[in-house]
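In structure tokens:
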């Protein structure tokens, strides 16, 4: 490696500038949760302080990505009538209000002319910042970037491995950067690829990644005005690992632990570029950014959007306006049937998940003895749930929160021998699996294993292919339906539980009921229904489970909540706080399998004899509603039949076990009387809320700062994975390979994948998800919503910068929060 570049000493001022800039860059990177806890994440979470279009321009300058669909998509929507002339006519006004500097001179005829032009298959990409390796690859037709990403992936996958690798990384206890430096001193891969001297170069780098970055920026002679965009470009060239490391940094920060691994990853990536720049045959300097880059206040800024981008944005707004009008028209309707004033047999609380909307609608249609509610699926129980025999458990709450108490699973009753037996059996199973895995993957037996044992897998492969395999049940860890060796369930009174005193139990129960709006008029049976997805052979299974439960089944939360609300001491405490629960009301925990649309009660053995007839009737209603739901959902599949949904959950080769949240587009926060009987097509999150019961706005504030943010994350992850699946998705499930039990590769290498698989948004012929930014509709006074918007910066950024659309309903009048931080009356045509 030649020494053609000189090292420029750093100044104290430059060091201070860089440290401030690195903090800003870290904030720009979205987190990526590991497979066991995989949840939907807004890929633009660090950019919500900017408008949507500003963020689009920034990202287009630092990575190969786009935030808007191509012209042919909007042409299709236009020709199919999904977007009308009225929508296109009204869209520019919204765009002008948001960005007068971009859209002030835009005319309707210009948009229509653009819309009717033939699509150019060879559209030129916008000039942007590039890494050194990308620039060299582009000019010399080499593959250095691929080699660099693979080398970083090898180190990161070993460093962060969570049990998949048979041999542990010897530098696992060190920081990511220090471990990489130590490994690079010994590894010869980059030298063999042509970067002779890379080992000694890595050894000479400063021990602190911040110092290394500053030294390398000076070595490349990057002006301070371009530092931010250039470093973002470097980091986003390994966006998958950057996001996973950001998750680790975020978790450590919550625990009060310092972690500079994201800065270390950036230093690692930059080091490879220095090595490329100093390699023989590389002319220096290289053009790493557009020649006409704009400099404002000493910092490079993204350019003004091109006309093509502006037209696409107008059509994006037009599509969202069309959907908003559909939803608002439905919300002006009233239920066709009068509400039955008789006491309900069943009140069933579902997660706000869009898949619940379909089931709720059909369940209410089979009997007027049913009332349903929508509530965040963790049921207000931010718990760490520890399975029997384990020392630590899962966080059963939204990832925006931290568990506030811990509950251990136990064999209910006084049978100590049963508890010991279950623990012993589970331990034996774990040890057996670990031993078998070690035998399969060990260097000495991996080839002989296939020859000697492989044929015995024929029966299992045949059973899997004939769809006889039982789905991998979450009951193995959550005790969803009890255990054949004993009645497993949450032990709310064990001494090892933390943070769950008798007073705390009453507070949790009261919070759940008041936030739900259920403090009077209790039915004989109140069912708390969590949800999960049973599928086989799917590393991204958690993406189909409950986001409100941190990517896990909602059954533990439902069981804990039901146990609390059935506890006589808790009920006595609730009575003292003004909530009287009738003696004959029984709270039951249930689980909605969203793959098959079957609902089962978690603890049928706990049902009192006095309610046996009620549950017999309820189960018949649930079965009828499940059949109706499967019929509706089967229409999404080509030649689909309701029974196919049951098959998909058992098919090991099925890449589309369920569409999950595909199609999500709106979040309605209102009493059920507002939405009762309305068909939203499984595209709408529904949260029960009655502002007349919330004079202090505590419930609305909780909804707008937690569930609203979670639904926005889900919506924007589906949006991004559809708009640009290469940059923000995770490719095809067919060639996924699990790495380190933390994520997936596309094939056998490359960057860690981040978003949703292609099969989650596309059926092979057409999109199953329409990329629309979330529409939030709240039935509440404008003053109430505005008070919360102004109080919380995060919410204000989302609603004011175009990351979602917010409307409030005052009677049958609708008002939209504009980008000018004011309410505008919306006319529902």
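In UniProt numbering, the protein residues as written are 1 to 829.
Yeah, the Cβ is synthetic: ideal placement off N, Cα and C, and Gly gets one too.
Under the three-state DSSP convention, the category residue i falls into
i, result
"residue 385", "strand"
"residue 422", "helix"
"residue 543", "helix"
"residue 763", "coil"
"residue 803", "coil"
"residue 348", "strand"
"residue 824", "strand"
"residue 688", "strand"
"residue 117", "coil"
"residue 216", "helix"
"residue 19", "helix"
"residue 190", "helix"
"residue 566", "helix"
"residue 399", "coil"
"residue 165", "coil"
"residue 834", "Because the chain here runs from 1 to 829, residue 834 falls outside it and cannot be looked at."
"residue 849", "Not covered by the structure: residue 849. The range shown for the chain is 1 to 829."
"residue 353", "coil"
"residue 72", "helix"
"residue 529", "strand"
"residue 373", "strand"
"residue 816", "strand"
"residue 491", "strand"
"residue 405", "strand"
Residue i versus residue j: straight-line alpha-carbon distance, rounded
i, j, result
"residue 750", "residue 80", "39 Å"
"residue 404", "residue 295", "48 Å"
"residue 233", "residue 60", "10 Å"
"residue 833", "residue 606", "This structure cannot settle anything about residue 833, because the visible part of the chain is limited to 1 through 829."
"residue 93", "residue 807", "17 Å"
"residue 229", "residue 375", "41 Å"
"residue 574", "residue 679", "36 Å"
"residue 830", "residue 152", "Nothing about residue 830 can be read from this structure; the chain reaches only from 1 to 829."
"residue 843", "residue 769", "Lying outside 1 to 829, the shown extent of the chain, residue 843 is not represented and no answer is given."
"residue 577", "residue 569", "13 Å"
"residue 546", "residue 562", "18 Å"
"residue 532", "residue 316", "33 Å"
"residue 139", "residue 132", "11 Å"
"residue 96", "residue 219", "44 Å"
"residue 330", "residue 668", "12 Å"
"residue 472", "residue 534", "Its pLDDT being 41, under 50, residue 472 is placed unreliably by the model, and nothing is read from it."
"residue 815", "residue 722", "29 Å"
"residue 818", "residue 774", "15 Å"
"residue 677", "residue 302", "48 Å"
"residue 141", "residue 739", "29 Å"
"residue 478", "residue 343", "Low confidence applies to residue 478: its pLDDT is 46, below 50, so where it sits in the model is not reliable, and the reading given next is rough at best. Rounded to the nearest angstrom, the two C-alpha atoms are 33 Å apart."
"residue 63", "residue 494", "52 Å"
"residue 706", "residue 712", "10 Å"
"residue 637", "residue 354", "18 Å"
Inter-residue CB distance, residue i and residue j (contact presumed, cutoff 8 Å)
i, j, result
"residue 21", "residue 129", "Actually they do not touch by this definition, with Cβ atoms about 15 Å apart."
"residue 640", "residue 634", "4 Å"
"residue 175", "residue 260", "7 Å"
"residue 586", "residue 566", "7 Å"
"residue 517", "residue 693", "6 Å"
"residue 833", "residue 665", "Since the first residue of the chain shown is 1 and the last is 829, residue 833 is not available in this structure."
"residue 488", "residue 409", "6 Å"
"residue 515", "residue 702", "6 Å"
"residue 653", "residue 671", "Between residue 671 and residue 653 the Cβ distance is about 44 Å, and since that is not below 8 Å, they are no contact."
Please determine if the stretch 657 to 669 and the stretch 537 to 544 are in contact, where contact requires at least 3 C-beta pairs separated by less than 8 Å.
Touching, per the Cβ criterion.
Count the CB pairs spanning the stretch 182 to 189 and the stretch 230 to 249 that are closer than 8 Å, and state whether there are at least three.
They do not touch, by the three-pair rule.
Per the contact definition of three or more C-beta pairs closer than 8 Å, is the stretch 576 to 595 in contact with the stretch 519 to 533?
yes
Of all the alpha helix (DSSP H) runs that stay within the bounds of the stretch 252 to 327, which reach a length of 4 or more residues?
Within the stretch 252 to 327, the complete alpha helix (DSSP H) runs of at least 4 residues fall at 261 to 277.
What residue ranges within the stretch 646 to 675 form continuous alpha helix (DSSP H) runs of no fewer than 4 residues, ordered along the chain?
672 to 675, all fully within the stretch 646 to 675.
List, from N- to C-terminal side, the alpha helix (DSSP H) runs of 4 residues or more that fit wholly inside the stretch 573 to 640.
The stretch 573 to 640 contains these whole alpha helix (DSSP H) runs: 612 to 634.
Taking 8 Å as the cut-off, does the stretch 47 to 59 touch the stretch 257 to 276 (at least 3 CB pairs, one atom from each stretch)?
Here the stretch 257 to 276 does not lie against the stretch 47 to 59, with fewer than 3 beta-carbon pairs under 8 Å apart.
Examine the Cβ distances between the stretch 726 to 734 and the stretch 743 to 758 and report whether three or more of them are shorter than 8 Å.
yes
Does the count of Cβ pairs from the stretch 786 to 802 and the stretch 39 to 48 closer than 8 Å reach three?
yes
Ignoring anything shorter than 4 residues, give me the alpha helix (DSSP H) runs that lie fully in the stretch 733 to 803, in order along the chain.
782 to 791, 793 to 800
Touch test, the stretch 24 to 40 against the stretch 390 to 406, Cβ-Cβ under 8 Å, three pairs minimum
yes
Note down, one range per segment and in chain order, each alpha helix (DSSP H) of at least 4 residues found wholly within the stretch 21 to 100.
52 to 62, 71 to 79, 85 to 98
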